[in-house]
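Offset between the sequence shown (1-based) and my numbering: plus 19. A virtual CB, placed ideally from N, CA and C, is assigned to each residue, including glycine. Here is the structure we will look at.
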Amino acid sequence: MNINDQLKTIKDYYSPKIIGEVNDVFIKLVKIQGNKVPWHHHKNEDELFYVLKGSLVFEIENQEPFTMKKGDLFIVKKGINHKVSSKKECHLMLIENKSALHTGNVTHEITKSIKYQLD
């Protein structure tokens, strides 16, 4: 599998695509641009973010925001309220438990079901 080829199939921002499974986790790709991801947390799951292209502003509740650039990786521990945004198009790889909803405890206009992410 070629990640760049997989990214070319993603037409919409905030629409994660599941590209693989390893044990109890999904490997996902997503493109974002703007500030649509709501504040949220994952009650029982950690979440891994890896920046493939662009830069990502990462916000964690009660902390100063920080910027991730291509090649940076960050793991959000379960229960931590967070959100991400980007001024320009940003490509991410996410690693999430199969039980995790990508917008965590919040249902939002960008929330996509696992079935949608598999298509």
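If distances are taken between C-alpha atoms only, which option among Thr28, Lys117, Phe77 comes closest to Val56? Phe77
Taking Gly53 and Ile46 to be in contact with their CB atoms under 8 Å, please state how far apart those CB atoms are, rounded to whole angstroms. Between Ile46 and Gly53 the Cβ distance is about 24 Å, and since that is not below 8 Å, they are no contact.
Identify the residues that DSSP records as bridge partners of Lys47: which are they? Ile37, Leu113
Verify the contact flag: Ile22, CB atom, against every heavy atom of the ligand HEM, threshold strictly below 8 Å. The ligand HEM is not part of the structure shown, which contains no ligands of any sort.
Contacts around Leu48, its chain only, beta-carbon distance under 8 Å, and the 5 residues preceding and following it disregarded: Ile22, Gln25, Leu26, Ile29, Pro35, Lys36, Ile38, Leu71, His110, Leu111, Met112, Leu113
Could you give the C-beta distance for Lys97 and Asp65, rounded to a whole number, given that I count them as a contact under 8 Å? 5 Å
Would you report the Cα separation of Asp31 and Lys107, rounded to the nearest angstrom? Inter-residue distance for Asp31 and Lys107 is about 14 Å (C-alpha atoms, whole angstroms).
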